[in-house]
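**Student:**
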Amino acid sequence: MRKVLLIIALIGISFSSFSQDIFDIGIRKIEIFFNEPNWDDTLDVYYANDSSERLIADSILIDGISDQDVGVKYKGNSSYNVNNAKNPISIKLDYVHNGQSIDGYNVLKLSNGFKDPTFVREVLGYEMAREYMPASKATYANVFINGAWNGLYTLVQSVDDDFLNEHFYERKGPFFKVDNTNVTVAGCPGGPNGIWKYYSDTNCLQKAYEMQSTADWTPLGNFLDTLNNYFTEVESVLDIDRTLWMLAYNNLLVGLDGPVNAIPHNFYMFQDNNKRFSPILWDMNMTFGTFTNGFNPPPIPTDLQQLDIFHGSTNAQNRMTVQMFSDDRYKRMYIAHMRTIMNEQFVNNNYYNRALQLQSIIDSSVNADPNLFYTYNDFTTNLTNVVGGGPNGIIGITELMNGRVAYLQSITEFTASPPTVSVLNTNSVIPHTSVNIIASIANANYAYLGYRYTFADKFEKLEMFDDGLHGDGSAGDGVFGATINVDARDVQYYFYAENSDAGIFSPERAEKEFHQLPVVSGLVINEIMAGNVTAVADQNGEYDDWVELYNGNSFSLNLNG
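Quick note on numbering: the sequence shown equals residues 77 to 637 in my numbering.
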């Protein structure tokens, strides 16, 4: 995990951390100035009308940097209340002036700490998620409105065109927010919103999805048709690996206010250049067991600690979990990802140490916050112990995760022994050749190679064999191989291996991380002549510019591509 050195200066009641990026961990100081004296009432009206309209703030200062005429509105679902003194806020810096931004970000999302006495669930949740999948950056901000301190907020990166370009190398693909829209569409079924459900009339998708791009509903409709009716072809329309990471992460952290819910919501779906949809996490403030709707009776700590690892597998309203957990291989991959997160973040108490660091940064602001939802004692207590009682009690983070890890380590899926994988390809290869990718794999009955050439490509999957026919040495020697054709680009690759009980990836964070096979030609530029007017004539007496290449190999090279 990246380690950041923080130099924090106390200025009045606000901390300010000076850094290269607004989302570097620290506390920003955001000052919003409205000419409108009844700004709060106006924002409440816009929210009540479900309007996209924003109230224009005449100026905003972010750590002393000024922008003019920014658009402000309230956001959120359960975290918003007309009676709240501190509601979640969305700030659009380029609402009036196109191109206006801070550190390249033109939209800032501010969460108010609802349902999180620790004030670290959201920042910690996003930070860990980014180790394994595309997820927003998050930090903290002290927010002042017309000179009055409104309290401490979580500052979260918006999932927008810039986010998509950062993670998918594409800005304008079909893009949808997944949540209940409260839209009634004539001729469409009533009842619960049909997220993941296929409708032959794509207009019905407006009930459960918000269009975030200029695309029509057809790509989403085609994806849902495949998910529901042609699941064996789902890898052509869905990034399976990112989906499994997302499901594993949500389940492990008992983040039920999201995609693993009975009615899944709080995430985005984006179709990349490979025509595959990927899910993107959103709204992490109620992770670590704070969302308990759907439990009847209300859960006790054991219910959360021992949440079924295949939660949702029989829930007809969540077609994604039903379908994914009907496939044994996907289940083993899912458990492999969950095991990686558990070992890297929770078994070693990394999450707890990081939570303590975050709380130390915001401690003074929380203690002085005039509009905090909880007491300072709740802030210090809830990291380890429950706050409140009965159905409204909020389980402590370590109380939840210590019990959850102990439970997972006791069940068959986590006590099963996965294969072991050792990478054997370490040397560079020559362009435009066939290459045997090999690995030493033990305790496996199946393995595949995932490979690609650029970040924007999808990983192609090729089954590996230990049969002596795939560059793997002798049959049955424990070395598995697969043969691919390389061009002039380096190869990004990973392995997946499984037996009947468990699977494993190499590297374990694949496909987020991967091995790399260098493709090196041995070709060098020996001499170069540029701007050649009268210096050196060629064999025809002409003064052309030229480059002399030298092949240091003992064989000819193909210079195509």
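Even glycine gets a Cβ: it sits at the ideal position worked out from N, Cα and C. As the structure is a prediction and not an experimental result, all values here were calculated from the model.
Taking the beta carbon of Phe252 as the centre, do at least 16 other beta carbons fall within 10 Å, making it buried, or is it exposed?
**Tutor:** So Phe252 ends up on the buried side.
**Student:** Tell me which residue opens and which closes the beta strand (DSSP E) that Val148 is part of.
**Tutor:** Looking at the DSSP string, the run of the beta strand (DSSP E) that includes Val148 is 141 to 150.
**Student:** Would the stretch 217 to 228 count as touching the stretch 159 to 171 if we require 3 or more Cβ pairs under 8 angstroms?
**Tutor:** These segments touch.
**Student:** Classify Pro113: buried if its beta carbon has 16 or more other beta carbons within 10 angstroms, exposed otherwise.
**Tutor:** So Pro113 counts as exposed.
**Student:** Which residues in the same chain as Gly180 place their Cβ atom closer than 8 angstroms to its Cβ, once the five residues preceding and following it in sequence are excluded?
**Tutor:** Cβ within range, chain order: Asp238.
**Student:** Beta-carbon separation of Ile470 and Lys273 under 9 angstroms?
**Tutor:** Result no, Cβ atoms of Ile470 and Lys273 do not sit closer than 9 angstroms.
**Student:** From Ile385 to Ile411, what distance separates their C-alpha atoms?
**Tutor:** Answer to the nearest angstrom: the Cα atoms are 8 angstroms apart.
**Student:** From Val254, Thr278, Thr257, pick the residue whose C-alpha is nearest to that of Cys264; which is it?
**Tutor:** When only C-alpha atoms are compared, the closest one is Thr278.
**Student:** Can you list, in chain order, the residues of its chain whose CB lies under 7 angstroms from that of Lys464, leaving out five sequence neighbours each side?
**Tutor:** One detail in the question is off: residue 464 reads as Gly in this sequence, not Lys. Counting only Cβ-Cβ distances below 7 angstroms, and skipping sequence neighbours, we find Ile470.
**Student:** Nearest by alpha-carbon distance to Arg318: which of Arg352, Leu281, Asn372, Lys283 is it?
**Tutor:** Of the candidates Arg352, Leu281, Asn372, Lys283, the one whose C-alpha sits nearest the C-alpha of Arg318 is Arg352.
**Student:** Using a Cβ-Cβ cut-off of 7 angstroms (strictly less than) and excluding sequence neighbours within five positions of Ala324, which residues of its own chain qualify?
**Tutor:** Excluding residues within five positions, the ones whose Cβ falls inside 7 angstroms are Tyr410, His413, Met414, Ile417.
**Student:** Below 8 angstroms on the Cβ atoms is my guess for Val330 versus Gly365; work out the distance and round it to an integer in Å.
**Tutor:** With a Cβ gap of about 4 angstroms, Val330 and Gly365 count as contacting.
**Student:** Let me know the alpha helix (DSSP H) ranges lying completely inside the stretch 233 to 287, each 4 residues or longer, listed in chain order.
**Tutor:** Counting whole runs of 4 or more residues, the stretch 233 to 287 contains the alpha helix (DSSP H) stretches 237 to 244.
**Student:** Which of the three DSSP states is assigned to Tyr569 in this structure?
**Tutor:** In the structure shown, Tyr569 sits in a strand (DSSP, three-state: E or B).
**Student:** Out of Trp115, Met204, Ile514, point me to the one whose CA is closest to Gln421's CA.
**Tutor:** The candidate whose alpha carbon is nearest that of Gln421 is Met204.
**Student:** Tell me the residue span of the beta strand (DSSP E) that contains His591.
**Tutor:** Per DSSP, His591 belongs to the beta strand (DSSP E) from 591 to 593.
**Student:** Identify whether Ala224 lies in helix, strand or coil by the three-state DSSP scheme.
**Tutor:** It is a strand residue.
**Student:** Three-state secondary structure (DSSP) at Arg415?
**Tutor:** Arg415 falls in the helix class under three-state DSSP.
**Student:** From which residue to which residue does the alpha helix (DSSP H) around Gln435 run?
**Tutor:** Element bounds for Gln435: 426 to 444.
**Student:** Among Ile356, Ile339, Ala338, which residue has its Cα nearest to the Cα of Met345?
**Tutor:** The option with the nearest alpha carbon to Met345 is Ile356.
**Student:** List, from N- to C-terminal side, the alpha helix (DSSP H) runs of 4 residues or more that fit wholly inside the stretch 458 to 522.
**Tutor:** 473 to 484, 488 to 491, all fully within the stretch 458 to 522.
**Student:** Do Asn256 and Ile339 have their C-beta atoms within less than 9 angstroms of each other?
**Tutor:** Contact flag set, yes.
**Student:** Once the 5 residues before and after Phe244 are set aside, which same chain residues still bring their CB inside 8 angstroms of it?
**Tutor:** Closer than 8 angstroms at Cβ, skipping near neighbours: Pro210, Phe346, Asp348, Asn349, Ser354, Ala532.
**Student:** Using three-state DSSP, classify Asp379 as helix, strand or coil.
**Tutor:** Asp379 falls in the helix class under three-state DSSP.
**Student:** Just grab the DSSP bridge partners of Asn218 for me.
**Tutor:** Lys105, Leu228.
**Student:** Relative to the C-alpha of Asp359, which residue among Val199, Gly554, Leu525, Ile506 is closest?
**Tutor:** Ranking the options by Cα distance to Asp359, first place goes to Val199.
**Student:** Curious, which full-length alpha helix (DSSP H) runs of at least 4 residues does the stretch 148 to 177 contain?
**Tutor:** Segments of the alpha helix (DSSP H) lying fully in the stretch 148 to 177: there are none.
**Student:** Give me, in chain order, the residues of the same chain whose beta-carbon lies closer than 8 angstroms to that of Thr390; leave out the 5 immediate sequence neighbours on both sides.
**Tutor:** Same-chain partners within the cutoff: Val398.
**Student:** Can you list, in chain order, the residues of its chain whose CB lies under 7 angstroms from that of Ile271, leaving out five sequence neighbours each side?
**Tutor:** So the qualifying residues of the chain are Val254, Ala284, Ile339, Pro340, His341.
**Student:** Run the CB neighbour count on Gln96, radius 10 Å, all protein chains shown included, and call it buried at 16 or more, exposed below.
**Tutor:** Classification for Gln96: exposed.
**Student:** Which residue wins for smallest C-alpha separation from Ile167, given the options Met362, Arg206, Asn304, Val232?
**Tutor:** Among Met362, Arg206, Asn304, Val232, the Cα nearest to that of Ile167 is on Val232.
**Student:** Quick one: what does DSSP say Glu203 is sitting in, helix, strand or coil?
**Tutor:** In the structure shown, Glu203 sits in a helix (DSSP, three-state: H, G or I).
**Student:** For Gly579 and Ser516, what's the separation of their Cα atoms in angstroms?
**Tutor:** Whole-angstrom Cα-Cα distance: 15 angstroms.
**Student:** Mapping the DSSP letters down to three states, classify Val555 as helix, strand or coil.
**Tutor:** DSSP places Val555 in strand when its eight states are reduced to three.
**Student:** In whole angstroms, give me the CA-to-CA distance for Lys537 and His546.
**Tutor:** When rounded, the distance between both Cα atoms is 15 angstroms.
**Student:** Can you give me the Cβ contacts of Asn443 inside the same chain, cut-off strictly under 7 angstroms, excluding the 5 residues immediately before and after it?
**Tutor:** Within the same chain, Asn443 has close Cβ partners Tyr452.
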